[in-house]
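Engineer: In the working numbering, the protein residues as written are 486 to 611.
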Amino acid sequence: MLTYDEFEDLGGEGKFAVADDVIEPAVLAQQLPQVVEAARAGTGAPVVWGADGEPEAVVMSAAQYRDLRGDDHPPAGVIDDPTARRYATEPLPGSRPLDLDEWAARMGTETQELLEELRREDQEES
């Protein structure tokens with residue numbers, strides 16, 4: 486789901502055939518299982534919804550969103566459902582543990598001072 490403004494900014498009306506009617510939230514709630522089923526099957530169109538006929542948001546599949554943004558699709562054989570897809574979680578070769586002091590130093594003196602203040606407060610509470 487994305488805001489209608491984002492959909493419009495990315496040229497959604499020109500890339501997809503969407504219904505002229507804006508669906509009310511209560512109607513969308515009733516139709517949502519069918520909308521999701523059609524999106525997963527690759528047969529559904531984005532659904533524009535909002536109150537009082539004013540478009541607020543758009544429901545679309547992950548594949549449609551990638552098309553809207555011009556992103557690459559996952560390789561063949563990869564499940565095209567972000568809720569079911571598995572992501573690599575192994576550390577990258579150059580990964581190392583986060584060093585909070587180093588991170589604060591990169592953020593600048595204000596962040597370092599804030600970190601020290603938080604540490605002082607934590608010690609006072611202990």
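Each residue gets a CB set at the ideal place from its N, CA and C atoms; glycine is no exception.
Could you give the distance in angstroms between the alpha-carbon of residue 594 and the alpha-carbon of residue 600?
Structural biologist: Distance between the alpha carbons of residue 594 and residue 600 is about 10 Å.
Engineer: Note the first and the last residue of the continuous alpha helix (DSSP H) segment covering residue 544.
Structural biologist: Premise fails: residue 544 lies in the beta strand (DSSP E), 542-544, not in any alpha helix (DSSP H).
Engineer: The beta strand (DSSP E) spanning residue 532 covers which residue range?
Structural biologist: Looking at the DSSP string, the run of the beta strand (DSSP E) that includes residue 532 is 532-534.
Engineer: Can you check whether the CB of residue 507 is closer than 9 Å to the CB of residue 559?
Structural biologist: For residue 559 and residue 507, no; Cβs fall outside 9 Å.
Engineer: Tell me whether the stretch 572-584 and the stretch 509-527 touch, counting them as touching only if at least three CB pairs, one residue from each stretch, are closer than 8 Å.
Structural biologist: Not touching, per the Cβ criterion.
Engineer: Thinking C-beta only, is residue 488 closer than 9 Å to residue 524?
Structural biologist: In this structure, residue 488 does not lie closer than 9 Å to residue 524 by Cβ.
Engineer: What's the gap between the Cα of residue 549 and the Cα of residue 535?
Structural biologist: Distance between the alpha carbons of residue 549 and residue 535: 20 Å.
Engineer: Judging by CA-CA distance, which residue of 547, 528, 509 and 596 is the nearest neighbour of residue 538?
Structural biologist: Minimum Cα distance to residue 538 is reached at 509.
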